[in-house]
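Novice:
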Amino acid sequence: MIDSSKDWRPADDEIIVVHGPTPGGAGGAYRIFGETLRGLKTTFVNATKGTTTISYPEEKVPVYPRFRGRHRLHRFEDTGLEKCVGCSLCAAACPADCIRVVAAENTPEHRVSAGERYASVYEINLSRCIFCGYCEVACPFDAITMGNDYEMSDYHRSDLIFTKEMLLAEPFERSPIRAEGE
Amino acid sequence: MNGLAPVLGVVGYYEPWWIQIIKSIVIFALGLQIVPIVLLGERKLLGRFQGRPGPNRVGPFGLLQPLADIGKLAFKADFRPRTSIGWLFQLAPIISILTAAAAFSIIPFGDTVDIFGTPVGLYGVDVSIGPLYLFAFGAVAFYGIMLGGWASGSKYSFLGAMRAAAQLISYEVSQGLALLGVVMTAGTLSLTEIVQAQQGMWYVVPQFLGFLIFLVASFAETNRAPFDLVEADAELVGGYNTEYGGARFASFFFAEYLNILVVSGIMVTVFLGGWLLPFGINPPTFVDPFVVLGKMALFVVFFIWVRATLPRLRYDQLMSFGWKILLPLATLNALVTAILVVVLDS
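For the record, the sequence lines run as chains A and B. If you count the first sequence from 1, position 177 lands on 383 in this note's numbering, and the numbers rise without skipping. If you count the second sequence from 1, position 13 lands on 280 in this note's numbering, and the numbers rise without skipping.
1. Is it a yes or a no for the segment 411-425 of chain B touching the segment 439-458 of chain B, going by three-plus beta-carbon pairs under 8 Å?
2. Taking 8 Å as the threshold (beta carbon to beta carbon), is Thr-257/A in contact with chain B?
3. Return yes when the Cβ of Phe-404/B is within less than 8 Å of the Cβ of Ala-240/B, no when it is not.
4. With three or more C-beta pairs closer than 8 Å as the rule, is the segment 335-352 of chain B touching the segment 603-612 of chain B?
5. Does the beta-carbon of Trp-284/B have 16 or more other beta-carbons within 10 angstroms, so that it is buried, or is it exposed?
6. At the 8 Å Cβ level, is Thr-228/A part of the contact set with chain B, yes or no?
7. Strictly below 7 Å CB to CB, what residues from chain A border Thr-576/B?
8. Going by the CB atoms, is the gap between Pro-333/B and Pro-303/B shorter than 8 Å?
9. Does the segment 420-436 of chain B touch the segment 520-528 of chain B, meaning 3 or more C-beta pairs lie closer than 8 Å?
10. Is it the case that the CB of Val-609/B approaches a heavy atom of the ligand FAD more closely than 7 Å?
11. What does Arg-232/B touch in chain A if you count any residue whose Cβ is under 9 Å from its own?
12. Look at the alpha carbon of Gly-272/A and the alpha carbon of Arg-384/A, and state the distance between them as a whole number of angstroms.
13. Which of helix, strand or coil does DSSP assign to Met-468/B?
14. Does the segment 309-324 of chain B come close enough to the segment 481-491 of chain B that 3 or more CB-CB pairs lie under 8 Å?
15. Could you give the uninterrupted runs of the alpha helix (DSSP H) lying entirely in the segment 304-378 of chain B, keeping only those of 4 residues or more?
16. Below 9 Å on C-beta distance, what does Ile-571/B contact in chain A?
17. When you check each C-beta in the segment 289-318 of chain B against every C-beta of chain A, which residues fall closer than 7 Å?
18. Which whole-angstrom value is the C-beta distance of Tyr-410/B and Ile-362/B, which I expect to be below 8 Å?
19. Using a Cβ-Cβ cut-off of less than 8 Å, list which residues of the segment 587-609 of chain B approach chain D; keep chain order.
20. Please return the same chain residues whose Cβ sits closer than 6 Å to the Cβ of Ile-367/A, not counting the five positions on each side in sequence.
21. Is there contact between the segment 437-449 of chain B and the segment 574-594 of chain B, where contact requires at least three CB pairs shorter than 8 Å?
22. Please confirm whether Thr-242/A has its beta-carbon closer than 8 Å to some beta-carbon of chain B.
23. Looking at Glu-288/A: is its Cβ nearer than 8 Å to the Cβ of Leu-279/A?
24. Report the rounded CA-to-CA distance for Cys-300/A versus Tyr-340/A, giving the unit in angstroms.
25. Residues of chain B with a CB under 7 Å from the CB of Ala-298/A: which are they?
26. From this set, Gln-287/B, Phe-494/B, Ile-373/B and Phe-295/B, which residue's C-alpha is nearest Leu-399/B's C-alpha?
27. Do Cys-304/A and Ala-344/A have their beta-carbon atoms positioned less than 8 Å apart in this structure?
28. Whose CA, out of Gly-292/A, Arg-334/A and Phe-337/A, lies closest to the CA of Ser-319/A?
29. Please report whether the beta-carbon of Asn-331/A lies at a distance below 8 Å from any beta-carbon of chain B.
30. Under 8 Å between the Cβ atoms of Cys-290/A and Ala-253/A?
31. When you compare only the Cα positions, how much space is there between Thr-369/A and Val-327/A?
32. Quick one: complete alpha helix (DSSP H) runs, 4+ long, within the segment 296-364 of chain A?
33. Got a sec, what are the start and stop residues for the alpha helix (DSSP H) Leu-447/B sits in?
34. Let me check one thing: in DSSP terms, what residues is Leu-279/A bridge-paired to?
35. For the alpha helix (DSSP H) that Leu-607/B lies in, which residues bound it at each end?
36. Residues of chain B with a CB under 9 Å from the CB of Ile-253/A: which are they?
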């Protein structure tokens with residue numbers, strides 16, 4: 207039920223027209239002069255505040271702890287075995303289809319991971335990765351996590367395919383992490 | 268020589284020919300030294316006003332940036348549009364740079380000093396028609412801009428040049444009338460004598476309105492923001508120098524900055540007492556040029572400050588401001604000064 211008395215009738219609107227001061231004349235000249243001085247003061251105050259530039263390669267903005275940067279693969283700290291068991295769940299979860307896992311059986315002589323199988327090939331094509339973090343979520347053993355490294359540019363696409371050894375290695379401390387409350 | 272005096276104007280002081288040659292070299296060298304400093308200063312200061320550090324990659328604190336810029340421009344290919352008119356296209360930057368350097372030569376950096384027993388004036392030439400000389404070369408400098416825009420054979424250059432002509436002519440009138448007040452007060456046209464007439468009080472005090480008018484008109488004359496319609500990059504790409512590149516563009520650029528120095532120097536000479544210092548401070552003569560340069564630096568910083576602050580005017584605003592506000596004020600200033608000079612003298 208629509209209350210017709212509350213309908214909006216455009217003709218009833220009271221339109222308030224606000225005109226700016228008429229340009230020109232002595233008043234205009236005085237106004238321009240005053241506003242000019244005010245503008246000069248504003249820029250001068252701004253100049254004394256110093257710069258806000260971050261000279262990037264030398265200075266870096268710290269990333270948040272949950273920042274999703276380059277992936278890392280992990281080992282168990284006590285045994286040194288790889289956490290990854292080659293289940294390919296990350297590859298299945300990956301929307302960009304950039305993870306390639308080839309699993310192989312662990313043998314008593316050649317034990318790589320804690321489970322039955324291990325990833326004999328683990329490659330992430332970082333030129334296709336969208337850094338969504340689904341691989342991290344999908345992993346049942348927390349074997350893959352997103353690191354903080356975001357400086358991954360390279361000269362060749364082939365250099366952006368990260369192998370297992372590269373992902374397992376400790377990354378260079380290149381990206382500062384934001385401290386608590388920063 | 269005296270027979271030519273009414274034509275050429277009486278030169279205040281004659282010097283040996285070799286001093287004239289040395290001075291002309293020194294003036295050109297001085298200009299060439301100061302312009303890169305102004306260039307860097309502008310970019311650095313402009314950065315500060317906008318909350319960024321400005322160029323800081325080349326050399327310590329970016330001090331070698333102008334050198335890198337000049338090197339880049341000098342080594343660029345000598346390009347000429349097919350529609351351009353050959354020798355005029357090449358002549359325009361030369362006219363611009365020569366007139367700017369010529370105008371620079373009348374700025375007095377100090378009184379006559381004795382160098383190895385020869386009295387030498389610390390100025391290029393002390394003509395008895397100082398401001399007229401300035402405006403004469405200013406008028407010739409228009410040709411540099413006009414020919415540059417015309418000979419490029421491009422509509423943007425042409426529009427920029429047309430704007431430049433209209434703007435420069437409009438504001439030169441006010442500029443001249445503003446100077447007239449000082450000339451009447453000092454009773455001379457020689458710039459050194461104008462400085463000496465300010466011994467008691469700088470003309471910025473009695474001629475404050477004239478100073479303001481000259482200052483505003485100078486912004487228009489040097490094509491600086493907020494009157495930089497000549498090269499309004501949003502509308503005209505780059506104005507009269509759109510089609511120029513490499514060393515020719517560098518010449519235009521150099522002339523533009525030299526013109527800023529010239530008007531700063533004229534304002535220092537005419538309104539801020541040239542090499543004189545207030546409160547009876549009387550340093551030795553060799554300090555004089557540095558006093559002048561310091562005062563010029565004040566104006567240059569102000570030019571940059573205004574550029575960082577004010578937006579560009581619309582074309583009709585520029586014209587109406589020039590003809591409806593500045594020109595009547597300048598005329599009034601000249602009239603009142605004339606009346607006061609007569610009344611106070613008698």
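Idealized CB from N, CA, C, for every residue including glycine.
Specialist: Quick answer:
1. Taking 8 Å as the limit for Cβ pairs, the verdict is that the segment 439-458 of chain B does not touch the segment 411-425 of chain B.
2. Translated into positions along the first sequence, residue 257/A becomes position 51. Among the CB atoms of chain B, one or more fall inside 8 Å of the CB of Thr-257/A.
3. Because chain B in this structure spans residues 268 to 613, residue 240/B falls outside the shown range and cannot be described.
4. Output reads no: the segment 335-352 of chain B does not touch the segment 603-612 of chain B.
5. Residue mapping note: residue 284/B aligns to position 17 of the second sequence, counting from 1. Its Cβ having fewer than 16 others within 10 Å, Trp-284/B is exposed.
6. Counted from its first residue, the first sequence places residue 228/A at position 22. No - not a single Cβ of chain B is within 8 Å of the one on Thr-228/A.
7. Numbered from its first residue, the second sequence carries residue 576/B at position 309. Within 7 Å Cβ-Cβ: Gly-245, Leu-246 and Thr-249.
8. Within the second sequence, numbered from 1, the residue matching residue 303/B stands at position 36. Within the second sequence, numbered from 1, the residue matching residue 333/B stands at position 66. Yes, they are a contact pair.
9. Using a C-beta cut-off of 8 Å, the segment 520-528 of chain B makes no contact with the segment 420-436 of chain B, since fewer than three inter-stretch Cβ pairs fall below that distance.
10. Although the ligand FAD was asked about, the structure shown includes no ligands whatsoever.
11. Residue 232/B lies beyond the residue range present for chain B, which begins at 268 and ends at 613; the question has no answer from this structure.
12. The residue labelled residue 272/A in the question sits at position 66 within the first sequence. The residue labelled residue 384/A in the question sits at position 178 within the first sequence. In the sequence as displayed, the identity of residue 272/A is Arg instead of Gly. Pairing Arg-272/A with Arg-384/A, the inter-Cα distance amounts to about 10 Å.
13. As a working note, residue 468/B is residue 201 in the second sequence. Residue state for Met-468/B is assigned as coil, using DSSP reduced to three classes.
14. With contact defined as three or more Cβ pairs closer than 8 Å, the segment 481-491 of chain B and the segment 309-324 of chain B are not in contact.
15. With a minimum length of 4 residues, the continuous alpha helix (DSSP H) runs that stay inside the segment 304-378 of chain B are 332-341 and 353-371.
16. Taking the first residue of the second sequence as position 1, residue 571/B is located at position 304. Result: empty, since nearest Cβ-Cβ is about 10 Å, beyond 9 Å.
17. For the segment 289-318 of chain B, which is checked against every Cβ of chain A, the residues closer than 7 Å are Arg-315, Phe-316 and Gly-318.
18. For this step, residue 410/B is matched to residue 143 along the second sequence. For this step, residue 362/B is matched to residue 95 along the second sequence. About 5 Å; that satisfies the 8 Å criterion.
19. Note that chain D does not occur in the displayed structure, where the protein chains are A and B.
20. Start at 1 with the first residue of the first sequence, and residue 367/A comes out as number 161. Only Glu-329 and Asn-331 meet the Cβ criterion.
21. Three or more Cβ pairs drawn from the segment 437-449 of chain B and the segment 574-594 of chain B lie within less than 8 Å of each other, which places the two stretches in contact.
22. In the first sequence, the residue the question calls residue 242/A occupies position 36. Interface residue, yes.
23. Here residue 288/A refers to the residue found at position 82 when the first sequence is read from its first residue. Here residue 279/A refers to the residue found at position 73 when the first sequence is read from its first residue. Going by C-beta atoms, Glu-288/A is nearer than 8 Å to Leu-279/A.
24. On the first sequence, residue 300/A is found 94 positions in, with the first residue counted as 1. On the first sequence, residue 340/A is found 134 positions in, with the first residue counted as 1. Taking the straight line joining both Cα atoms gives about 6 Å.
25. Along the first sequence, read from residue 1 onward, the residue named residue 298/A stands at position 92. Neighbours of Ala-298/A on chain B: none; closest Cβ ~47 Å, over 7 Å.
26. The residue you call residue 399/B lines up with position 132 of the second sequence. Nearest C-alpha to Leu-399/B: Ile-373/B.
27. Mapped onto the first sequence, residue 344/A falls at position 138. Mapped onto the first sequence, residue 304/A falls at position 98. No. Outside cutoff.
28. Within the first sequence, residue 319/A is the residue found at index 113, counting from 1. When only C-alpha atoms are compared, the closest one is Gly-292/A.
29. Mapped onto the first sequence, residue 331/A falls at position 125. Not one chain B Cβ lies under 8 Å of Asn-331/A.
30. In the first sequence, residue 290/A corresponds to position 84, counting from 1. In the first sequence, residue 253/A corresponds to position 47, counting from 1. No, the pair does not count as a contact, with Cβ atoms beyond the cut-off.
31. As a first step, residue 369/A is located in the first sequence; it is residue number 163 there, counting from the start. As a first step, residue 327/A is located in the first sequence; it is residue number 121 there, counting from the start. CA-to-CA, the gap between Thr-369/A and Val-327/A works out to about 8 Å.
32. Taking only runs of at least 4 residues, the alpha helix (DSSP H) segments lying wholly in the segment 296-364 of chain A are 340-344.
33. Here residue 447/B corresponds to residue number 180 of the second sequence, with the count starting at 1. First-last of the alpha helix (DSSP H) with Leu-447/B: 422-453.
34. For the purposes of this step, residue 279/A is taken as the residue at position 73 of the first sequence. Partner(s): Ile-350/A.
35. Taking the first residue of the second sequence as 1, we reach residue 607/B at position 340. Counting along the chain, the alpha helix (DSSP H) containing Leu-607/B begins and ends at 594-612.
36. Here residue 253/A refers to the residue found at position 47 of the first sequence. Residue identity check: residue 253/A is Ala in the sequence provided, not Ile. By Cβ distance, chain B contributes Leu-312, Arg-315, Phe-316, Gln-317, Gly-318, Trp-572 and Ala-575.
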